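Heads up: the sequence shown begins at 1 in UniProt numbering, then just goes up one per residue.
Notes to accompany the following structure.
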Amino acid sequence: MNTEYLKDVIDGYQVISKLNVNDLEAGEHTFWFRVGTNALGQWQHLPVMVFKGKEQGKRFVITAGVHGDEYNGILTSHQIGEALSGKVNRGSVVIVPTINLSGTLNHNRDYISNDPDHSTANLNRFFPGNKEGNEAQRYVFNVWEYLLKPNADLAIDLHTQTSGTVYPLYAFADYRMPDCVKMAKLIGPDVILDDPGDPGILETVWNRSGIPSTTLEVGMGRYSDYPLIERSVKGVLNCLSSYELIDEGGC
1 MNTEYLKDVI
11 DGYQVISKLN
21 VNDLEAGEHT
31 FWFRVGTNAL
41 GQWQHLPVMV
51 FKGKEQGKRF
61 VITAGVHGDE
71 YNGILTSHQI
81 GEALSGKVNR
91 GSVVIVPTIN
101 LSGTLNHNRD
111 YISNDPDHST
121 ANLNRFFPGN
131 KEGNEAQRYV
141 FNVWEYLLKP
151 NADLAIDLHT
161 QTSGTVYPLY
171 AFADYRMPDC
181 VKMAKLIGPD
191 VILDDPGDPG
201 ILETVWNRSG
211 IPSTTLEVGM
221 GRYSDYPLIE
231 RSVKGVLNCL
241 SSYELIDEGG
251 C
(Lines of atoms letter the chains of each structure in order from A and count residues from 1; the text may use other names and numbers.)
(Lines give C-alpha, C1' and ligand atoms only; values in the text may rest on other atoms or scores of the structure.)
Protein backbone atom coordinates (compact mmCIF):
# COMPACT_ATOMS: atom_id res chain seq x y z
CA MET A 1 0.00 0.00 0.00
CA ASN A 2 1.27 3.45 -0.95
CA THR A 3 0.34 6.78 0.57
CA GLU A 4 -2.74 7.94 -1.30
CA TYR A 5 -2.82 11.68 -1.87
CA LEU A 6 -6.17 13.25 -2.68
CA LYS A 7 -6.74 16.47 -4.58
CA ASP A 8 -7.90 18.42 -1.53
CA VAL A 9 -5.75 20.72 0.57
CA ILE A 10 -7.12 22.00 3.91
CA ASP A 11 -5.45 24.94 5.68
CA GLY A 12 -2.38 24.30 3.56
CA TYR A 13 -2.08 20.60 4.42
CA GLN A 14 -2.51 17.72 1.98
CA VAL A 15 -5.45 15.36 2.42
CA ILE A 16 -4.69 11.63 2.29
CA SER A 17 -6.81 8.49 2.49
CA LYS A 18 -3.93 6.05 3.11
CA LEU A 19 -0.55 6.49 4.79
CA ASN A 20 2.67 4.55 4.31
CA VAL A 21 5.61 6.20 6.06
CA ASN A 22 8.02 4.06 4.06
CA ASP A 23 7.36 6.07 0.89
CA LEU A 24 7.76 9.49 2.55
CA GLU A 25 10.90 11.59 2.35
CA ALA A 26 12.85 12.14 5.56
CA GLY A 27 11.62 15.17 7.47
CA GLU A 28 8.34 16.38 8.95
CA HIS A 29 4.94 15.99 7.34
CA THR A 30 1.46 17.10 8.36
CA PHE A 31 -1.63 15.60 6.76
CA TRP A 32 -5.38 15.42 7.07
CA PHE A 33 -6.52 11.78 6.96
CA ARG A 34 -9.94 11.34 5.33
CA VAL A 35 -11.83 8.94 7.54
CA GLY A 36 -15.55 9.25 6.78
CA THR A 37 -18.47 11.63 6.31
CA ASN A 38 -20.83 13.45 8.64
CA ALA A 39 -24.62 13.59 8.43
CA LEU A 40 -24.42 16.22 5.67
CA GLY A 41 -22.12 14.08 3.57
CA GLN A 42 -19.14 16.32 4.33
CA TRP A 43 -15.79 14.59 4.69
CA GLN A 44 -14.28 14.22 8.15
CA HIS A 45 -10.52 14.47 8.57
CA LEU A 46 -8.13 13.48 11.34
CA PRO A 47 -4.91 15.45 11.89
CA VAL A 48 -1.72 13.42 11.41
CA MET A 49 1.87 14.40 12.19
CA VAL A 50 4.79 12.38 10.80
CA PHE A 51 8.44 12.70 11.83
CA LYS A 52 10.82 10.61 9.76
CA GLY A 53 14.56 10.28 10.26
CA LYS A 54 17.20 9.95 7.58
CA GLU A 55 18.38 6.59 8.94
CA GLN A 56 16.56 3.27 9.36
CA GLY A 57 14.97 2.59 12.73
CA LYS A 58 11.83 1.59 14.56
CA ARG A 59 8.47 2.97 13.46
CA PHE A 60 6.33 4.29 16.32
CA VAL A 61 2.66 5.22 16.19
CA ILE A 62 1.33 7.40 19.02
CA THR A 63 -2.44 7.81 19.29
CA ALA A 64 -4.71 9.88 21.53
CA GLY A 65 -8.34 10.88 21.73
CA VAL A 66 -9.86 7.44 21.22
CA HIS A 67 -12.23 8.73 23.90
CA GLY A 68 -13.36 12.25 23.12
CA ASP A 69 -13.30 13.64 26.67
CA GLU A 70 -9.75 12.54 27.50
CA TYR A 71 -7.98 15.85 27.02
CA ASN A 72 -4.70 15.05 28.80
CA GLY A 73 -3.82 12.40 26.23
CA ILE A 74 -4.55 14.80 23.38
CA LEU A 75 -2.47 17.57 24.99
CA THR A 76 0.35 15.11 25.66
CA SER A 77 0.44 14.05 22.01
CA HIS A 78 0.64 17.67 20.84
CA GLN A 79 3.51 18.44 23.21
CA ILE A 80 5.35 15.32 22.07
CA GLY A 81 5.00 16.56 18.49
CA GLU A 82 6.40 19.97 19.42
CA ALA A 83 9.35 18.36 21.20
CA LEU A 84 10.16 16.06 18.26
CA SER A 85 10.44 18.82 15.65
CA GLY A 86 13.86 18.51 14.05
CA LYS A 87 14.92 15.74 16.46
CA VAL A 88 13.97 12.38 14.87
CA ASN A 89 17.14 10.97 13.30
CA ARG A 90 16.18 7.32 12.86
CA GLY A 91 12.95 5.52 12.14
CA SER A 92 9.64 7.36 12.23
CA VAL A 93 6.99 8.64 14.60
CA VAL A 94 3.38 9.01 13.48
CA ILE A 95 1.19 11.00 15.89
CA VAL A 96 -2.60 10.93 15.59
CA PRO A 97 -3.76 13.30 18.36
CA THR A 98 -7.50 12.79 17.89
CA ILE A 99 -8.95 9.44 16.83
CA ASN A 100 -12.55 10.04 17.95
CA LEU A 101 -13.42 13.22 16.08
CA SER A 102 -17.16 13.34 16.83
CA GLY A 103 -16.64 12.55 20.52
CA THR A 104 -14.01 15.26 20.87
CA LEU A 105 -16.21 17.84 19.16
CA ASN A 106 -19.05 16.95 21.55
CA HIS A 107 -16.92 16.63 24.74
CA ASN A 108 -18.10 13.04 24.92
CA ARG A 109 -16.23 9.82 25.69
CA ASP A 110 -18.07 7.94 22.97
CA TYR A 111 -18.27 8.14 19.21
CA ILE A 112 -21.40 10.08 18.18
CA SER A 113 -23.14 8.47 15.23
CA ASN A 114 -24.57 10.45 12.33
CA ASP A 115 -27.69 8.33 12.68
CA PRO A 116 -29.95 9.83 15.40
CA ASP A 117 -31.41 6.37 16.05
CA HIS A 118 -27.97 4.83 16.61
CA SER A 119 -26.49 4.57 20.09
CA THR A 120 -23.17 6.19 20.91
CA ALA A 121 -20.22 3.80 20.77
CA ASN A 122 -17.05 3.27 22.78
CA LEU A 123 -14.53 3.12 19.93
CA ASN A 124 -12.06 1.28 22.16
CA ARG A 125 -14.26 -1.79 21.97
CA PHE A 126 -14.48 -1.90 18.17
CA PHE A 127 -10.90 -2.33 16.89
CA PRO A 128 -9.88 -3.48 14.30
CA GLY A 129 -13.26 -2.51 12.90
CA ASN A 130 -15.33 -4.01 10.13
CA LYS A 131 -15.57 -2.69 6.58
CA GLU A 132 -19.13 -4.03 6.30
CA GLY A 133 -20.23 -3.24 9.85
CA ASN A 134 -22.10 -0.38 11.48
CA GLU A 135 -20.92 3.23 11.33
CA ALA A 136 -18.51 3.00 14.28
CA GLN A 137 -17.04 -0.27 12.98
CA ARG A 138 -16.48 1.20 9.51
CA TYR A 139 -14.89 4.32 10.99
CA VAL A 140 -12.49 2.24 13.09
CA PHE A 141 -11.70 -0.02 10.13
CA ASN A 142 -10.52 2.94 8.04
CA VAL A 143 -8.37 4.29 10.86
CA TRP A 144 -6.82 0.90 11.62
CA GLU A 145 -6.37 -0.46 8.11
CA TYR A 146 -5.15 2.64 6.28
CA LEU A 147 -3.51 4.80 8.97
CA LEU A 148 -2.36 2.88 12.03
CA LYS A 149 -1.48 -0.74 11.25
CA PRO A 150 0.76 -0.18 8.18
CA ASN A 151 3.03 2.28 9.98
CA ALA A 152 4.01 0.74 13.31
CA ASP A 153 6.60 -1.56 14.79
CA LEU A 154 5.70 -0.25 18.26
CA ALA A 155 2.73 1.76 19.54
CA ILE A 156 1.70 3.96 22.46
CA ASP A 157 -1.96 4.83 23.08
CA LEU A 158 -2.56 7.88 25.29
CA HIS A 159 -5.70 8.04 27.43
CA THR A 160 -7.00 9.35 30.74
CA GLN A 161 -9.09 7.54 33.29
CA THR A 162 -12.83 7.59 32.77
CA SER A 163 -14.37 10.94 33.75
CA GLY A 164 -15.04 10.99 37.50
CA THR A 165 -12.18 8.64 38.45
CA VAL A 166 -8.69 9.62 39.57
CA TYR A 167 -5.64 7.35 39.40
CA PRO A 168 -1.91 8.00 39.50
CA LEU A 169 0.01 7.92 36.21
CA TYR A 170 -0.94 4.45 35.04
CA ALA A 171 0.17 2.14 32.23
CA PHE A 172 -1.18 -1.10 30.79
CA ALA A 173 1.34 -3.61 29.42
CA ASP A 174 1.07 -7.24 28.37
CA TYR A 175 3.88 -8.92 30.33
CA ARG A 176 4.04 -11.75 27.80
CA MET A 177 5.58 -9.27 25.33
CA PRO A 178 8.94 -7.86 26.47
CA ASP A 179 8.71 -4.68 24.41
CA CYS A 180 5.36 -3.81 25.99
CA VAL A 181 6.92 -3.95 29.44
CA LYS A 182 10.06 -2.15 28.28
CA MET A 183 8.09 0.77 26.85
CA ALA A 184 5.91 1.07 29.95
CA LYS A 185 8.91 1.10 32.27
CA LEU A 186 10.76 3.64 30.13
CA ILE A 187 7.78 5.99 30.33
CA GLY A 188 7.99 5.77 34.11
CA PRO A 189 4.39 5.63 35.40
CA ASP A 190 3.50 5.13 39.05
CA VAL A 191 1.71 1.86 38.31
CA ILE A 192 1.98 -0.75 35.54
CA LEU A 193 -0.84 -3.26 35.17
CA ASP A 194 -0.08 -6.65 33.63
CA ASP A 195 -2.75 -6.52 30.94
CA PRO A 196 -3.42 -9.61 28.79
CA GLY A 197 -5.98 -7.54 26.90
CA ASP A 198 -9.61 -7.66 25.89
CA PRO A 199 -11.21 -7.91 22.44
CA GLY A 200 -11.79 -4.64 20.63
CA ILE A 201 -9.28 -2.55 22.57
CA LEU A 202 -6.66 -0.82 20.45
CA GLU A 203 -3.74 -1.92 22.64
CA THR A 204 -4.90 -5.53 22.47
CA VAL A 205 -5.33 -5.43 18.70
CA TRP A 206 -1.83 -3.98 18.30
CA ASN A 207 -0.38 -6.77 20.44
CA ARG A 208 -2.31 -9.54 18.73
CA SER A 209 -1.09 -8.19 15.40
CA GLY A 210 2.50 -8.67 16.61
CA ILE A 211 3.06 -4.95 17.26
CA PRO A 212 3.95 -4.34 20.93
CA SER A 213 1.88 -1.60 22.51
CA THR A 214 1.32 0.11 25.84
CA THR A 215 -1.57 2.28 27.01
CA LEU A 216 -0.81 5.27 29.25
CA GLU A 217 -3.54 6.79 31.43
CA VAL A 218 -2.70 10.47 32.03
CA GLY A 219 -4.85 11.78 34.89
CA MET A 220 -8.63 12.05 34.81
CA GLY A 221 -11.04 12.83 31.99
CA ARG A 222 -12.34 16.33 31.21
CA TYR A 223 -9.58 18.04 33.18
CA SER A 224 -6.11 19.24 32.21
CA ASP A 225 -3.45 17.94 34.59
CA TYR A 226 -0.29 19.69 33.45
CA PRO A 227 2.18 18.02 35.87
CA LEU A 228 1.06 14.58 34.63
CA ILE A 229 1.14 15.77 31.02
CA GLU A 230 4.73 16.95 31.52
CA ARG A 231 5.71 13.62 33.08
CA SER A 232 4.08 11.74 30.23
CA VAL A 233 5.83 13.79 27.55
CA LYS A 234 9.20 13.23 29.22
CA GLY A 235 8.45 9.53 29.59
CA VAL A 236 7.50 9.02 25.95
CA LEU A 237 10.57 10.97 24.81
CA ASN A 238 12.69 8.76 27.07
CA CYS A 239 11.14 5.73 25.37
CA LEU A 240 11.90 7.10 21.89
CA SER A 241 15.46 7.88 22.98
CA SER A 242 15.98 4.35 24.31
CA TYR A 243 14.85 2.93 20.96
CA GLU A 244 17.33 5.34 19.31
CA LEU A 245 14.86 7.37 17.26
CA ILE A 246 16.16 10.53 18.92
CA ASP A 247 19.52 11.19 20.51
CA GLU A 248 19.74 11.03 24.29
CA GLY A 249 19.05 14.46 25.72
CA GLY A 250 18.07 15.69 22.27
CA CYS A 251 14.63 16.99 23.31
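We put the beta carbon where it would ideally sit given N, CA and C, even for glycine.
This structure is a prediction, so every number in the text was calculated from the model and none was measured.
Using a Cβ distance threshold of 8 Å, Cys239 and Ile187 count as a contacting pair.
Around the beta carbon of Asp23, a 10 Å sphere encloses fewer than 16 other beta carbons of the protein chains shown; the residue is thus reported as exposed. Under DSSP, Gly27 forms a beta bridge with Lys52. Approximately 4 Å separates the beta-carbon atoms of Val88 and Phe51; this is inside 8 Å, confirming the contact. Each residue's CA atom was taken as its position, placing Arg90 and Gly53 some 4 Å apart.
In terms of CA proximity to Ile95, Ala64 leads the group Ala64, Ala171, Ser242 and Arg222. Taking a cut-off of 8 Å for Cβ pairs, the region 129–149 and the region 167–174 do not touch, as fewer than three such pairs fall below it. When DSSP states are grouped into helix, strand and coil, Ala39 belongs to the coil group.
For the set Glu25, Gly27, Pro178 and Phe31, the Cα lying nearest the Cα of Lys18 is the one of Phe31. Just measuring C-alpha positions, the residue of Asp198, Leu169, Asp194 and Arg222 sitting nearest Val233 is Leu169.
Taking the Cα of Phe60 as reference, the smallest distance to any Cα among Leu75, Gly81, His45 and Gln44 is reached at Gly81. In the pairwise beta carbon analysis, the region 206–222 is classified as not touching the region 33–45: fewer than three pairs are separated by under 8 Å. Rounded to whole angstroms, the gap between the alpha carbons of Leu158 and Val48 is 15 Å.
Secondary-structure assignment with DSSP links Val94 through a beta bridge to Val50 and Val61.
Per DSSP, the beta-bridge partners of Arg34 are His45. A distance below 7 Å between beta-carbons, with the five flanking residues on each side excluded, links Tyr167 to the following residues of its chain, in chain order: Gln161 and Glu217. Ile74 and Ile16 have their alpha carbons spaced roughly 21 Å apart. By the C-beta density criterion, Ala121 is buried, having at least 16 other C-beta atoms within 10 angstroms. Nearest neighbour of Gln137 by Cα position, chosen from Gly164, Glu25, Glu4 and His118, turns out to be His118. Bounds of the alpha helix (DSSP H) holding Glu135 are Glu135 to Val143. Excluding the 5 residues flanking it on each side, Ser242 has same chain C-beta neighbours closer than 7 Å at Leu186, in chain order. Between Ser163 and Glu135, the C-beta spacing is not below 8 Å. The DSSP assignment places complete beta strand (DSSP E) segments of no fewer than 3 residues inside the region 128–199 at 154–161, 170–173 and 191–194, in order along the chain.
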